[in-house]
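J.: Sharing a structure here in structure tokens format.
Next up, the structure:
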């Protein structure tokens with residue numbers, strides 16, 4: 129079986145941040161809005177992403193963002209239901225996760241605050257000599273902000289990086305409306321963002337949607353090696369395991 133996914137060839141935001149240092153506020157606002165729409169969708173379906181970071185935000189060939197790597201997602205988080213698994217990227221983990229407390233979408237909005245901070249400042253809001261120091265900083269230290277940061281950017285970063293999940297931006301009964309209405313997004317038309325109708329502030333340097341130049345040739349030049357097929361095993365395998373997949377090769381089914 130081949131699991132075919134959409135090909136996204138514009139590189140990730142970590143790559144671009146490392147290239148330019150940090151984003152200007154209008155650029156960061158656009159990316160934040162598109163990522164927020166993705167989180168709104170996941171949360172509306174009871175899914176907590178749990179690993180939002182620059183590395184997991186890809187740009188397609190037009191410059192729109194795509195969330196990647198759903199390996200840490202937790203579904204079934206609806207209503208008052210929470211989860212308690214300790215997971216995530218160390219410098220983005222929410223305080224309640226470090227404390228091993230039950231959490232829901234609050235962990236995602238903390239990561240979202242870290243993400244916005246990194247775009248605007250060019251470095252993580254918390255650091256430490258080791259894991260213990262880092263976690264202590266997340267739990268006890270308030271991040272510092274450059275003086276040139278706008279009051280709107282300062283407000284939204286502080287809102288998402290509130291160490292109390294009950295008071296964190298996006299975690300009140302107003303939910304996503306509280307975020308959509310924040311002054312940081314005052315120039316954002318959410319309907320146009322959701323329909324991908326706003327031209328991205330930056331278009332990756334790709335020839336077309338099949339261009340692989342943003343990938344290391346060490347990987348793109350590797351030969352394709354297929355796993356050997358155990359036909360007896362496949363013949364005895366319940367086909368219900370593959371229900372929901374969009375395509376089944378009829379020739380392969382007939383052959384086995």
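In this note's numbering, the protein residues as written are 129 to 384.
Virtual Cβ for every residue (Gly too), placed ideally from N, Cα, C.
Bear in mind that the values here come from a model prediction, so they are computed numbers and not experimental data.
Got a sec? Which residues, its chain only, sit under 6 Å from residue 136 by beta carbon, not counting five neighbours each side?
T.: 186, 188, 194
J.: Return the first residue and the last residue of the beta strand (DSSP E) that residue 194 is part of.
T.: Per DSSP, residue 194 is one residue of the beta strand (DSSP E) stretching across 193-195.
J.: With burial defined as no fewer than 16 other Cβ atoms inside 10 Å of the residue's Cβ, what is the status of residue 370: buried or exposed?
T.: exposed
J.: So for residue 362, helix, strand or coil by DSSP?
T.: Here residue 362 sits in helix by DSSP.
J.: Can you name the start and end residues of the alpha helix (DSSP H) that residue 141 belongs to?
T.: Residue 141 -> alpha helix (DSSP H) spans 141-148.
J.: Measuring straight from C-alpha to C-alpha, what distance separates residue 131 and residue 190?
T.: Near 24 Å, if we compare the C-alpha coordinates of residue 190 and residue 131.
J.: To which residues of the same chain is residue 214 closer than 7 Å at the C-beta, ignoring the five residues directly before and after it?
T.: Sequence-distant partners of residue 214 (beyond 5 residues in either direction) whose C-beta falls short of 7 Å from its own C-beta, in its chain, are 225, 228.
J.: Measure the C-alpha to C-alpha separation of residue 300 and residue 343 and round it to an integer number of angstroms.
T.: 41 Å
J.: Please classify residue 371: does DSSP put it in a helix, a strand, or coil?
T.: The answer is coil: DSSP assigns residue 371 none of H, G, I, E or B.
J.: Between residue 382 and residue 374, what straight-line distance do the alpha-carbon atoms span, to the nearest angstrom?
T.: Low per-residue confidence applies at residue 382: pLDDT is 47, beneath 50, and the placement is therefore not dependable, though the value from the model is reported in the following sentence. C-alpha separation (whole angstroms): 18 Å.
J.: Pairing CB atoms from the stretch 279-295 with CB atoms from the stretch 229-243, are three or more of them under 8 Å?
T.: Yes, they touch.
J.: Judging by CA-CA distance, which residue of 274, 151, 169, 158 is the nearest neighbour of residue 317?
T.: 158
J.: What are the start and end residues of the beta strand (DSSP E) that includes residue 185?
T.: That run of the beta strand (DSSP E) goes 185-187.
J.: Which residues in the same chain have their Cβ closer than 7 Å to the Cβ of residue 367, if we skip the five residues on either side of it in sequence?
T.: Result list for residue 367: empty, nothing under 7 Å.
J.: Hey, how far is the Cα of residue 148 from the Cα of residue 360?
T.: Cα to Cα, residue 148 sits roughly 54 Å from residue 360.
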